[in-house]
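Engineer:
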Amino acid sequence: MDRLWFDPAKVLIGGRWLVPDGGGTLPLEDPSTGAEIGAIARGTPADIDAAVAAAEAARAGDWGRMTAVDRGRVLTRMGQLVAERVDDLAVIEATDVGKPLKQARADAVALARYLEFYGGAADKVMGETIPYLDGYTVYTLREPHGVTGHIVPWNYPMQIIGRSVGAALAMGNAAVLKPAEEACLTALAFAALAAEAGLPPGALNVVPGLGEEAGAALAAHPGVHHVSFTGSVGVGIAVQAAAARNVVPVTLELGGKSPQVVFDDADLDKALPFLVNAGIQNAGQTCSAASRILVQRARLDEVVARMADRYAALRVGPALDDLDVGPVISARQKEIVEGFLALGSDLTVAARGQVVAGAPAGGHYVAPTLFADVRPGHRLAQEEIFGPAQVVIPFEDEAEAVAIANGTCYGLVAGVWTENASRAMRMARAVRTGQVFLNNYGAGGGVELPFGGIGKSGHGREKGFEALYGFSVLKTVAAHHG
Ligand code: NAD
640 MDRLWFDPAK VLIGGRWLVP DGGGTLPLED PSTGAEIGAI ARGTPADIDA AVAAAEAARA
700 GDWGRMTAVD RGRVLTRMGQ LVAERVDDLA VIEATDVGKP LKQARADAVA LARYLEFYGG
760 AADKVMGETI PYLDGYTVYT LREPHGVTGH IVPWNYPMQI IGRSVGAALA MGNAAVLKPA
820 EEACLTALAF AALAAEAGLP PGALNVVPGL GEEAGAALAA HPGVHHVSFT GSVGVGIAVQ
880 AAAARNVVPV TLELGGKSPQ VVFDDADLDK ALPFLVNAGI QNAGQTCSAA SRILVQRARL
940 DEVVARMADR YAALRVGPAL DDLDVGPVIS ARQKEIVEGF LALGSDLTVA ARGQVVAGAP
1000 AGGHYVAPTL FADVRPGHRL AQEEIFGPAQ VVIPFEDEAE AVAIANGTCY GLVAGVWTEN
1060 ASRAMRMARA VRTGQVFLNN YGAGGGVELP FGGIGKSGHG REKGFEALYG FSVLKTVAAH
1120 HG
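If you're matching positions, the sequence shown starts at 640 in the numbering used here and goes up one per residue.
1) If we count the other Cβ atoms within 10 Å of its Cβ and call it buried at 16 or more, is Val-768 buried or exposed?
2) Which full runs of the alpha helix (DSSP H) of 4+ residues lie inside the stretch 1037-1118, going along the chain?
3) Can at least three beta-carbon pairs, one atom from the stretch 716-729 and one from the stretch 890-905, be found at a separation below 8 Å?
4) Give the DSSP-derived three-state secondary structure of Glu-695 in the structure shown.
5) Just tell me which of Ile-1093, Gly-1084 and Asp-963 has its CA closest to the CA of Arg-1071.
6) Helix, strand or coil for Leu-643 per DSSP?
7) Does the Cβ-Cβ distance between Met-810 and His-784 come in under 9 Å?
8) I'd like the list of long-range same chain contacts for Asp-669, defined as Cβ closer than 7 Å, with 5 residues on each side in sequence excluded.
9) Just to confirm before moving on: does the CB-CB distance between Asp-961 and Pro-796 stay below 9 Å?
10) Give me, in chain order, the residues of the same chain whose beta-carbon lies closer than 7 Å to that of Trp-761; leave out the 5 immediate sequence neighbours on both sides.
11) Going by DSSP in three states, Ser-803 sits in which element: helix, strand or coil?
12) State the Cα-Cα distance for the pair Ala-928 and Gly-965, rounded to the nearest angstrom.
13) So what does DSSP say about Gln-935, is it helix, strand or coil?
14) Could you name the residues of the same chain whose beta carbon sits closer than 6 Å to that of Thr-664, not counting the 5 residues immediately before and after it, in chain order?
15) Can you list, in chain order, the stretches of the beta strand (DSSP E) that have 3 or more residues and sit fully within the stretch 869-936?
16) How long is the line joining the alpha carbons of Val-691 and Val-942, rounded to whole angstroms?
17) What are the start and end residues of the alpha helix (DSSP H) that includes Tyr-757?
18) Who pairs with Leu-657 in a beta bridge, going by DSSP?
19) Between Arg-945 and Val-901, how many whole angstroms is the CB-CB distance? I'm expecting something under 8 Å.
20) So what's Asp-709 in DSSP terms, helix, strand or just coil?
21) Going by alpha carbons, who is nearest to Val-1052 out of Ser-1111, Arg-949, Ala-989 and Thr-925?
22) Kindly provide the ranges of any beta strand (DSSP E) runs that are 3 or more residues long and lie completely inside the stretch 954-1042, ordered along the chain.
23) Leaving out the 5 sequence neighbours to the left and right, which residues in its chain are closer than 8 Å to Val-1116 when beta-carbon positions are compared?
24) Considering only the beta carbon of each residue, do Pro-898 and Leu-933 sit closer than 9 Å?
25) Between the beta-carbon of Ala-637 and the beta-carbon of Ala-882, is there less than 9 Å?
26) Say yes only if the C-beta of Gln-1021 is nearer than 8 Å to one or more non-hydrogen atoms of the ligand NAD, and no if none qualify.
27) With DSSP run on the structure shown, which of helix, strand or coil describes Gly-718?
28) Count the other CB atoms, across all protein chains shown, that sit within 10 Å of the CB of Arg-1014; report buried if there are 16 or more and exposed otherwise.
29) Just to confirm, does Leu-844 get its C-beta within under 8 Å of one of the non-hydrogen atoms of the ligand NAD?
30) Between Leu-832 and the rest of its own chain, which residues show a CB-CB distance below 7 Å, the 5 nearest in sequence each way excluded?
31) How do the stretch 746-760 and the stretch 1022-1029 stand: do at least 3 beta-carbon pairs fall below 8 Å, yes or no?
32) Going by beta-carbon coordinates alone, are Asp-686 and Asp-660 separated by less than 9 Å?
33) Starting from Ala-836, trace the alpha helix (DSSP H) both ways and give me its first and last residue.
34) Which two residues bound the contiguous alpha helix (DSSP H) that contains Glu-732?
35) Can Val-887 be considered in contact with the ligand NAD, in the sense that its beta carbon sits closer than 8 Å to one or more heavy atoms?
36) Closest to Leu-750 by CA distance: which of Gly-766, Glu-732 and Met-765 is it?
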């Protein structure tokens, strides 16, 4: 890769690009070919120590003294630099993650938009005055936590960095970012652009490395005052347990088994692109993937047939060829997904997409698969596959739709398709998820829309203005003046 403006084998600590403690590296793989194309830094607990100290120093220095207006200006400038490099960032991300170029480009555009949004919001978070006893004036202040830790996964690095690091910096925190070992390049690219935009040294530190080394050290670090974790349920539990020892707050953005519910009066022409795309986008490696399609019995055959037509036309191939679906992230992920697909041997496969002829043999390609007429208790209807597969589940009436929609351990996102406005409103109340989309799914990404889960999908909210409350702490000041 010749477009990089940073050294991926280094960590960024206190504004300096350093060889990690011990000089270790990890292989950098292109999932489209399976080839090793370079090396990334293997940050260690000692690097995390240094990064936390640098963040603390930034809080005590220029960054901590900067006004909210100026913080907002720096973030806005960061967004502008990201916007200028969208095409480069897209190629880097497509090569690193394996996502089709148009998706990688959309992620870069979203990162720029997050920075624009949080840049504009930085000076608009206000406290309040509280009427109180005679002789008192009481008011609240929204203050940064201090040092925030950000542990992010490989599936949408730029979007997740935008929504968590962007909001944390807007509130004046200093951040330590641990990107995923499978895909850390855009985290480093972003940090280099942030420095160029005038973000003071130490306000953002990036330490790539293994989860069980650098990640675990960050989650457990006593100098970290808030942890934002996005990833799997098991690791989320470990991160929360580690942070609990320091009694610091944690935001967990975990997995999902999100439904789109199609009633018999749905506008199918409108719904169909969303039904399929929300399952196969990013090769299904999306926390809010609509991996369950619930269909009212009267329209079941029609929905399955129309979705199957789309599936049969899906083309899977190298990220830079920009087809419908790219490879999954790794050989291990391919094995996991294929293991899940094998669990469907008792089910009807309505259609499969095609891996294009000539796709590199070493690439981690999985043909998208649509399963028809699946019972809600089947493992494929309960567990997060995190690959390009969807199950269609029939239901009879609204009550059953709600029961099935709420019948997993997750609660991230739901979509409802109906032309009956009253039913849509009832469903929005009845489903147990952090977001509900009525007659759409995803609302185009929704930088402005608070996002997060309930149940095993996690807790806390990122995105939108709401995230600024999560990345700050409320202080009450009661003045007695007689
Ligand atoms: P993962 O949990 O394996 O890894 C996520 C991050 O945690 C990586 O940076 C990893 O290095 C780090 N990590 C691993 N072990 C750790 C440990 N012991 N201590 C601290 N950090 C550790 O998840 P993944 O496989 O990379 O991502 C897939 C999962 O993420 C899916 O379940 C998906 O649904 C979820 N996800 C959720 C959202 C959301 O917003 N809710 C978004 C994207 C992905």
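Think of the CB as a built atom: it goes at the ideal place given N, C-alpha and C, for glycine as much as any other residue.
Structural biologist: Well, looking at it:
1) The sequence shown places Thr at residue 768, not Val. Per the 10 Å Cβ criterion, exposed.
2) 1037-1044, 1060-1069 and 1105-1109
3) no
4) helix
5) Ile-1093
6) coil
7) yes
8) Ile-676 and Thr-734
9) no
10) The residue you asked about is not Trp; residue 761 is Ala in the sequence shown. Cβ neighbours of Ala-761 beyond the five flanking positions: Ala-707, Arg-710, Gly-711, Leu-714 and Ala-809.
11) helix
12) 15 Å
13) strand
14) Ala-648, Ala-678 and Arg-681
15) 889-892, 898-901 and 931-935
16) 52 Å
17) 740-760
18) Val-650
19) The Cβ separation is near 11 Å, so there is no contact.
20) helix
21) Thr-925
22) 987-991, 1008-1011 and 1028-1034
23) Val-777, Tyr-778, Thr-779 and Leu-780
24) yes
25) Absent from the structure is residue 637, since the part of the chain shown begins at 640 and ends at 1121.
26) no
27) helix
28) exposed
29) With the sequence shown as reference, residue 844 is identified as Asn, and Leu is not the correct amino acid for it. Not so, every heavy atom of the ligand NAD lies at least 8 Å from the Cβ.
30) Met-717, Leu-720, Val-721 and Arg-724
31) no
32) yes
33) Taken as a continuous stretch (DSSP letters only), Ala-836 belongs to no alpha helix (DSSP H), as it is neither H nor E.
34) 725-736
35) no
36) Glu-732
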